[in-house]
């Protein structure tokens with residue numbers, strides 16, 4: 535649904551009267567499949583928004599090309615605009631108009647005649663649950679309400695691809711979860727969603743596939759589970775009632791154990807590929823040798839571990 | 005989807021916003037009344053010194069067309085603030101990803117400013133009529149046409165400058181610094197006839213000076229005077245230039 539090749543963008547930056555070029559995006563190749571929620575995870579200033587704005591026809595790339603929803607980004611931006619929806623980080627509604635009026639105007643801007651636009655606005659009010667506030671002026675809305683309206687505006691013309699720039703930044707936890715449900719509902723309706731985020735949890739829970747971007751380049755791409763596994767595997771910690779070194783020798787010889795990470799008096803840390811399937815095997819090995827097991831704990835790596843492994847920094851510090 | 009349709013959509017929304025902001029309407033209506041009542045009595049006296057009969061009718065013939073030019077200049081030049089506010093609010097970004105024409109986004113907005121200024125111009129002329137202003141109807145229509153172009157020019161120039169500067173704090177001083185001398189050298193309040201020769205030569209380079217001359221001739225009922233077509237040429241040409249410049253800048257900087 536989206537395919538980019540070598541997408542690049544530089545900006546001029548003035549520093550003490552010297553103009554230097556800052557490479558915001560340095561050659562991005564991405565493929566986003568139809569009907570998936572694709573997340574672009576990275577710290578602020580990594581080039582997420584720049585990439586998104588290029589794909590949404592708002593910014594001309596310096597190089598590379600892209601096909602978005604079947605239309606060529608460079609050759610036919612107008613056709614791309616017809617097929618995509620875009621919701622900016624800041625949103626965008628006028629203060630003294632209602633959500634219903636905004637929705638109708640937006641529909642008309644996509645070419646719908648007046649009555650049809652009114653009907654589309656009504657349908658959007660219903661499906662996004664705006665009825666309770668949508669006839670008041672936009673300046674009276676809460677952050678969560680505003681965000682819902684922004685997204686309803688972005689999909690009023692039923693686009694095939696929806697771009698969301700940091701959709702939940704600044705939202706309270708409840709509104710964030712509501713918005714995730716909204717995004718999943720759109721995906722389940724067949725829409726492809728491309729979003730940027732700097733929240734690990736959002737990338738992990740909401741996105742079907744993610745690309746990690748740092749300093750203008752993609753450093754990793756895959757499903758959250760794949761990425762985490764690829765980087766480090768899981769860690770299983772077993773607490774034993776004695777015979778620790780015997781258990782260590784036994785387990786280290788097992789094929790599914792990648793490495794013995796740590797050994798204390800009564801505790802072993804084992805790095806394995808997939809913790810959930812390794813635990814029964816560990817139990818069996820210990821059991822058959824008559825070693826008594828106290829407790830088992832499973833540690834799964836987070837996307838932050840992935841980010842750390844790929845960039846050498848933690849996303850929280852970046 | 006035609007350009008006209010898109011302009012109309014944008015314009016409609018803009019007018020809705022005007023109607024829903026009562027303070028703008030109050031200020032917009034009060035302004036012309038204040039200008040008319042405060043300055044005309046002074047001008048009446050001043051004109052006596054250059055050999056005029058010193059009637060209000062005479063004063064209004066000089067003052068009203070000048071006031072119209074002043075409105076187009078000030079009202080127009082300051083309209084860039086609104087554009088910056090909308091850029092900041094994200095609404096322009098939102099409508100820019102729709103297939104609506106880029107020119108329409110700017111033109112529809114400009115049209116709103118022009119309509120607002122035109123309503124002020126109407127009020128001023130209507131108020132001046134019972135006070136003694138007499139203008140041939142045909143000439144008044146021509147003067148209005150020139151006013152509309154002048155306003156459109158000022159608005160689009162202001163948009164262009166706002167797009168270049170992109171900073172509300174700096175924009176105010178810039179507009180003031182440009183608008184004040186342009187107004188003084190257009191002779192809108194005091195006719196440039198009072199000025200020394202060197203100042204008149206400087207005024208020759210001011211398009212608003214030409215517009216003022218043409219407007220005054222039209223109000224005085226001399227549509228055939230050379231200042232009229234000279235002024236018309238200057239205003240039409242500069243409006244086209246300003247319009248092209250700012251719409252290009254808008255489309256390019258925002259694509």
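Protein chains in written order, with the working numbering: chain Z, 535 to 852; chain A, 5 to 259. C-beta: ideal position from N, C-alpha, C; glycine also.
Check: Where does residue 6 of chain A sit, in a helix, a strand or coil, going by DSSP?; Outcome: coil
Check: By Cβ distance below 8 Å, which residues in the same chain neighbour residue 680 of chain Z in space, the five residues on each side in sequence not counted?; Outcome: 625, 627 and 672
Check: So, helix, strand or coil for residue 834 of chain Z, using DSSP?; Outcome: coil
Check: Determine, using beta carbons only, whether residue 704 of chain Z comes closer than 9 Å to chain A.; Outcome: no
Check: Let me know the secondary structure DSSP gives residue 851 of chain Z once reduced to three states.; Outcome: coil
Check: For residue 628 of chain Z, does the three-state DSSP call read helix, strand or coil?; Outcome: coil
Check: Starting from residue 104 of chain A, find everything on chain Z with Cβ-Cβ shorter than 8 Å and list it in chain order.; Outcome: 643
Check: Do we get a CB-CB distance below 9 Å when we pair residue 550 of chain Z with the residues of chain A?; Outcome: no
Check: Nearest-angstrom Cα distance between residue 569 of chain Z and residue 86 of chain A?; Outcome: 40 Å
Check: Over what stretch of residues does the beta strand (DSSP E) that includes residue 599 of chain Z continue unbroken?; Outcome: 597–602
Check: Comparing the C-beta of residue 849 of chain Z with each C-beta of chain A, is any distance below 9 Å?; Outcome: no
Check: Can you tell me whether DSSP reads residue 787 of chain Z as helix, strand or coil?; Outcome: coil
Check: Roughly how many whole angstroms lie between the Cα atoms of residue 704 of chain Z and residue 651 of chain Z?; Outcome: 31 Å
Check: Going by the beta-carbon positions, is the gap between residue 731 of chain Z and residue 575 of chain Z smaller than 9 Å?; Outcome: yes
Check: With 16 other CB atoms within 10 Å as the buried threshold, where does residue 738 of chain Z fall?; Outcome: buried
Check: Closer than 9 Å by beta-carbon distance: list the chain C residues that pair up with residue 13 of chain A, in chain order.; Outcome: This model lacks chain C altogether, as its protein chains are Z and A.
Check: So, is the C-beta of residue 245 of chain A closer than 9 Å to a C-beta in chain Z?; Outcome: no
Check: Let me check understanding here. Comparing Cα to Cα, which of A:251, A:13, A:48 and A:77 lies closest to residue 153 of chain A?; Outcome: A:77
Check: Any Cβ of chain A within less than 9 Å of the Cβ of residue 581 of chain Z?; Outcome: no
Check: Starting from residue 632 of chain Z, find everything on chain A with Cβ-Cβ shorter than 7 Å and list it in chain order.; Outcome: What residue 632 of chain Z touches in chain A: nothing, since even the nearest Cβ is about 10 Å away.
Check: Report yes or no: is there a C-beta of chain Z within less than 9 Å of the C-beta of residue 206 of chain A?; Outcome: no
Check: From residue 695 of chain Z to residue 688 of chain Z, what does the alpha carbon distance come to, in whole angstroms?; Outcome: 10 Å
Check: Quick one: what's got a C-beta closer than 6 Å to residue 259 of chain A's C-beta in the same chain, skipping five residues either side?; Outcome: Legend: pLDDT at residue 259 of chain A = 43, less than 50; position of this residue unreliable, value from coordinates given subsequently. For residue 259 of chain A, where only same-chain residues beyond five positions count, there are no Cβ hits under 6 Å.
Check: Using the Cα positions of residue 785 of chain Z and residue 791 of chain Z, report the straight-line distance between them to the nearest angstrom.; Outcome: 7 Å
Check: Kindly identify the DSSP beta-bridge partner or partners of residue 507 of chain Z.; Outcome: Coverage of chain Z is limited to positions 535 through 852, which leaves residue 507 of chain Z absent and any answer about it impossible.
Check: List the residues that DSSP assigns as beta-bridge partners of residue 594 of chain Z.; Outcome: Residue 594 of chain Z is not bridged to any residue.
Check: Spatial neighbours of residue 64 of chain A within its chain, please: C-beta separation below 8 Å, excluding the five flanking residues on both sides.; Outcome: 44, 132, 135, 136 and 137
Check: So which residues on chain A does residue 687 of chain Z lean against when the C-beta distance must stay under 7 Å?; Outcome: 98
Check: Alpha carbon to alpha carbon, how far is residue 614 of chain Z from residue 602 of chain Z?; Outcome: 6 Å
Check: On the three-state DSSP scale, how would you describe residue 244 of chain A?; Outcome: helix
Check: Could you pull the start and end residues of the alpha helix (DSSP H) that residue 181 of chain A belongs to?; Outcome: 172–188
Check: Once DSSP output is grouped into helix, strand and coil, what is the label at residue 771 of chain Z?; Outcome: strand
Check: Does chain Z have any CB closer than 9 Å to the CB of residue 10 of chain A?; Outcome: yes
Check: Could you work out which residues of chain A lie near residue 743 of chain Z, taking near to mean beta carbons separated by less than 7 Å?; Outcome: Residues of chain A passing the Cβ test: none, with the nearest at roughly 24 Å.
Check: Confirm, please, whether the CB-CB distance from residue 762 of chain Z to residue 840 of chain Z is below 9 Å.; Outcome: yes
Check: Quick one: is residue 555 of chain Z buried, meaning 16 or more other Cβ sit within 10 Å of its Cβ, or exposed?; Outcome: exposed
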